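If you're matching them up, the sequences are chains A and B in order.
Per numbering that gives the first Met the number 0, the very first residue in the first sequence carries number 0; after that it's consecutive.
Per numbering that gives the first Met the number 0, the very first residue in the second sequence carries number 0; after that it's consecutive.
We treat Cβ as the ideally placed atom computed from N, Cα and C, and that holds for glycine.
Every value quoted in this text rests on a predicted model; they were computed, and no experiment measured them.
A short write-up of the structure that comes next.
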Amino acid sequence: MGTIIEFRNITKRFGPVVAVDDVSLTINEGEFFALLGPSGCGKTTLLRMLAGFELPTRGQIFIDGKDISRAPPNRRPVNMVFQSYAVFPHLSVLKNIEYGLRMDGVPAAERRARAEAALSLVQLEGYGERMPDQLSGGQRQRVALARAVVKRPRVLLLDEPLSALDAKLREELRFEMSALQDKLGITFVMVTHDQDEALVLATRCAVMNKGSLMQVATPADLYEFPASRLVADFIGSVNLFAGNVRSEEANHAIIDLPELGISAWLDHGTGTSETVQLWLALRPEKVELMKRGTTDRPPVMEGTPPGYNVAAGTILDIAYLGSESVYDIRLDGPETGKEGKRIRVIRPNLTRWDQEDFTWDEPVWIGWHAEAAHILQQ
Amino acid sequence: MANELDWHRNKSGFAALLGPPLGWFLLFFAVPMAVVWAYSFGTNSGIADIEISGTFANYARALEPLYLGILGKSLAFAALATLICLIVAFPVALAISFAPPQLKTWLLIGVMLPFWTNLLIRTYALIAILRDEGLLNMALTSAFGWAGVGPLAIMNSNMAVMIGLVYVHLPFMVLPLYAALDRLDRSLIEAALDLGAGHVRAIFTIVVPLAVPGILSGLLLTFIPVLGSYLAPDLLGGPDSQMIANVIERQFKRANDWPFGAALAFLLMYLTLFGIAAQAMMQRKRPVD
């Protein structure tokens with residue numbers, strides 16, 4: 000599992016626009032690596048520089064230790080699946096897949112055999128004589144995939160590979176792509192703006208914004224330990240509360256949250272001083288919802304560990320999504336009579352009838368465990 | 000009443016809009032064509048009188064070896080000029096379609112600019128360049144005169160006619176090619192490069208096949224006006240450079256044989272219509288993409 004790709008201080012300018020700004024990144028052999036970010040963040044430019052369609056303004060790109068920064072596209076051990084699939088409309092499915100082998104001068108018999116094998120790899124046996132306009136979107140995507148992997152590249156590049164498909168098909172193909180990568184053992188580098196796609200498919204992700212890398216980590220680390228508010232907000236949804244440290248002990252810290260009018264327990268130290276601006280990040284599914292009734296006294300629940308945090312609020316809205324429900328709650332806040340912060344809570348619908356039956360405008364308690372929150376400094 | 004403008008309710012009202020252009024078309028195109036067509040079946044019965052006798056003698060004469068030879072040569076000239084236009088125009092159209100957007104407009108204007116200049120003036124300008132003491136020969140002798148490269152006798156030859164035909168008709172080829180190439184999905188070319196093709200192979204295996212509809216309409220759009228060219232052979236050519244249009248012109252003017260001229264003109268017309276029909280049939284046979 001050595002390094003296969005290395006970007007070294009890559010900068011790309013288009014006139015006055017800096018599309019990629021001094022990015023250094025290594026990708027390991029066999030990884031399914033995702034470049035994730037909003038549109039215009041530079042992820043596609045980075046991929047196109049890897050394919051050879053753009054040349055870096057500054058910096059170098061290495062594949063297998065060889066500097067390929069300025070090599071033409073046809074001299075690189077990479078192949079690409081295009082966003083539009085770019086299946087040649089005047090060639091049959093089989094001829095499309097054979098195209099790359101024909102360019103490499105592979106003899107006709109071997110060409111045919113390898114193309115047929117690639118066709119069955121993407122489960123399109125018997126479609127070889129079809130023309131692209133006789134295929135569905137999903138089938139065209141498979142042809143593009145087969146056409147790229149038939150050349151046995153060192154790295155397969157995927158530019159928003161599933162974005163043109165409908166939701167159901169997209170989900171199906173996600174699992175197929177994962178299986179395909181396992182089977183081939185080729186390093187995959189994918190560009191996507193769809194965080195779900197990145198989380199499901201990738202073994203490691205780089206989150207980009209405005210041409211720079213924000214964080215490079217596994218999907219689980221990106222979700223549970225985001226490095227910044229930007230990453231936390233881009234991957235999934237998050238509740239953010241500004242605050243600062245009130246007291247810090249060896250094994251826990253207490254954070255003042257003026258927007259909520261409470262101090263929260265954290266199960267670890269922050270390593271910062273009281274004057275540093277912090278943000279408490281709380282994922283919606285890690286917040287619990289409890290009945291409040293008419294009392295204003297926080298509930299003392301049996302088995303509640305020390306450091307359980309509670310705040311009062313009112314349900315503003317409920318979105319029923321089948322498998323779960325999303326609650327939009329307005330917290331009471333520090334000053335009575337003034338509108339407080341809003342928080343989003345997700346509860347799985349574990350039974351067919353909600354026993355507690357939360358409803359609109361109902362006063363509730365929200366609560367979270369000391370280890371549920373994550374502290375961000377930027 | 001607003002309803003008067005509603006074409007769902009007032010179909011005949013809108014149909015009336017067709018009237019004036021249809022009348023114009025009938026009066027100034029269909030009627031003259033019909034007259035000339037009738038002439039082609041007539042005989043001269045005086046200096047200025049033509050009797051429509053229903054004879055096929057004019058067509059029989061038009062199919063004599065002398066005229067068939069000129070027609071054949073015109074077809075060959077037109078075919079060669081069209082082919083040269085294709086070879087010259089393809090790289091030009093490709094370059095324009097890949098140019099940055101601001102430059103694209105200027106390049107297209109550059110291609111069309113000669114269109115806005117009178118054909119006669121353009122042809123005379125070519126004479127100034129091609130004649131024995133012309134610009135081309137002046138440049139040639141001053142650059143390579145020491146090596147014995149003397150003035151070339153291009154004027155009044157088939158070569159001069161060919162240069163003229165290609166020059167005049169190049170835009171007819173560039174524009175449809177450009178339209179076809181500009182529509183081409185760029186990622187198809189990138190895919191070809193990505194799959195191991197060099198630029199030249201990508202052009203011949205992907206760009207050219209996908210530009211076939213544009214190439215066909217360019218060929219047709221160029222071939223038809225070249226076949227009927229009159230000025231280039233008349234002004235640039237020698238005695239053996241006559242094309243069919245020059246012969247037709249002579250019948251109407253100097254020979255004063257309108258019936259025969261009409262037969263020749265309609266022979267050319269039948270050929271052209273046949274070509275267009277064949278192209279349309281071929282287009283219909285190709286699968287829609």
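Query, Result
"Taking Pro208 of chain B as the query, report the chain A residues whose CB atoms sit under 9 angstroms from its CB, ordered along the chain.", "Phe87, His89 and Leu90"
"Excluding five sequence neighbours on each side, which residues of the same chain lie with their C-beta closer than 6 angstroms to the C-beta of Pro362 of chain A?", "Arg291 and Thr313"
"Does any CB atom of chain B fall closer than 8 angstroms to the CB of Ala263 of chain A?", "no"
"From Glu132 of chain B to Pro150 of chain B, what does the alpha carbon distance come to, in whole angstroms?", "8 angstroms"
"Under the assumption that Arg7 of chain A contacts Phe61 of chain A (Cβ atoms under 8 angstroms), give the Cβ distance between them as a whole number of angstroms.", "7 angstroms"
"Return the residue from the list B:Gln250, B:Val207 and B:Leu70 that minimises the CA-CA distance to Leu330 of chain B.", "Residue 330 of chain B falls outside the range modelled here, since chain B spans only 0 to 288, and no answer is possible."
"With 16 other CB atoms within 10 Å as the buried threshold, where does Ile95 of chain B fall?", "buried"
"Between Gly51 of chain A and Pro37 of chain A, which are expected to be in contact by the criterion C-beta below 8 angstroms, what is the C-beta distance as a whole number of angstroms?", "Between Pro37 of chain A and Gly51 of chain A the Cβ distance is about 25 angstroms, and since that is not below 8 angstroms, they are no contact."
"Starting from Pro175 of chain B, trace the alpha helix (DSSP H) in both directions and tell me its first and last residue.", "Asn157 to Arg182"
"Under 8 angstroms Cβ-Cβ, which residues of chain A neighbour Ile128 of chain B?", "Within 8 angstroms Cβ-Cβ: nothing; Ile128 of chain B doesn't reach chain A, min ~41 angstroms."
"Could you pull out every residue in the same chain whose Cβ sits closer than 8 angstroms to the Cβ of Asp232 of chain A, ignoring the five residues on either side in sequence?", "Leu239"
"Which full runs of the alpha helix (DSSP H) of 4+ residues lie inside the segment 6 to 43 of chain A, going along the chain?", "none"
"Please decide whether Asp288 of chain B counts as near chain A, where near means a Cβ-Cβ distance under 8 angstroms.", "Unreliable placement is indicated for Asp288 of chain B, whose pLDDT of 43 sits below 50; the coordinate value is still reported in the next sentence. Yes - at least one Cβ of chain A is within 8 angstroms of the one on Asp288 of chain B."
"So Ile9 of chain A packs on Val22 of chain A, CB below 8 angstroms; how close in whole Å?", "5 angstroms"
"Using DSSP's beta-bridge definition, name the partner residues of Arg60 of chain B.", "For Arg60 of chain B, which the question treats as bridged, DSSP gives no partner whatsoever."
"In this structure, how does DSSP classify Met207 of chain A when only helix, strand and coil are distinguished?", "strand"
"Going by CA-CA distance only, name the one from A:Ser162, A:Asn73 and A:Gly210 that's closest to Val199 of chain B.", "A:Asn73"
"Can a CB atom of chain B be found closer than 8 angstroms to the CB of Gly99 of chain A?", "yes"
"Tell me where the alpha helix (DSSP H) around Asn238 of chain A begins and ends.", "Here Asn238 of chain A belongs to no alpha helix (DSSP H); instead the beta strand (DSSP E) covers Asn238 to Glu247."
"Between the segment 71 to 84 of chain A and chain B, which residues of the former have a C-beta closer than 9 angstroms to a C-beta of the latter?", "Pro71, Pro72, Asn73, Arg74, Arg75, Val77, Asn78, Met79, Phe81, Gln82, Ser83 and Tyr84"
"What first and last residue would you give for the beta strand (DSSP E) that runs through Lys290 of chain A?", "Glu287 to Lys290"
"Using only the alpha-carbon positions, how far apart do Ile290 of chain B and Gly58 of chain A sit?", "Since the displayed chain B opens at 0 and closes at 288, residue 290 of chain B lies outside it and no answer follows."
"Thinking just about the alpha-carbon of each residue, which of A:Asp356, A:Leu45, A:Ala280 and A:Arg12 is nearest to the one in Leu212 of chain A?", "A:Leu45"
"Is any heavy atom of the ligand GDP found at a distance shorter than 7 angstroms from the C-beta of Ala201 of chain A?", "Ligands displayed in this structure: none; no statement on the ligand GDP is therefore possible."
"If contact means a Cβ-Cβ distance below 8 angstroms, which residues of the segment 173 to 194 of chain B contact chain A?", "Asp184, Ser186, Leu187, Glu189, Ala190, Ala191, Leu192, Asp193 and Leu194"
"Measure the alpha-carbon distance for Ala147 of chain A versus Asn78 of chain A and round it to whole angstroms.", "5 angstroms"
"Alpha carbon to alpha carbon, what distance is there between Val199 of chain A and Ala145 of chain A?", "21 angstroms"
"Shorter than 8 angstroms from the beta carbon of Gly144 of chain B to some beta carbon of chain A?", "no"
"Could you name the residues of chain B that Asp103 of chain A contacts, counting a contact when the two beta carbons are closer than 7 angstroms?", "Gly195"
"Who are the neighbours of Phe52 of chain A on chain B, taking C-beta pairs under 7 angstroms?", "Glu189"
"Are Leu375 of chain A and Pro160 of chain A touching if we call contact CB-CB under 8 angstroms?", "no"
"Keeping to the same chain, check which residues put their C-beta closer than 8 angstroms to that of Lys340 of chain A; ignore five residues upstream and five downstream.", "Phe240, Glu258, Leu259, Arg329, Leu330 and Gly332"
"If you compare alpha carbons, which of A:Asp165, A:Ser83 and A:Trp278 is closest to Arg185 of chain B?", "A:Ser83"
"Using a cut-off of 9 angstroms between C-beta atoms, extract the partners of Lys150 of chain A located in chain B.", "Leu194 and Gly195"
"Taking the beta strand (DSSP E) that Gln59 of chain A belongs to, which residues open and close that run?", "Arg57 to Ile62"
"For a contact meaning CB atoms closer than 9 angstroms, what does Arg146 of chain A contact in chain B?", "Ala190 and Leu194"
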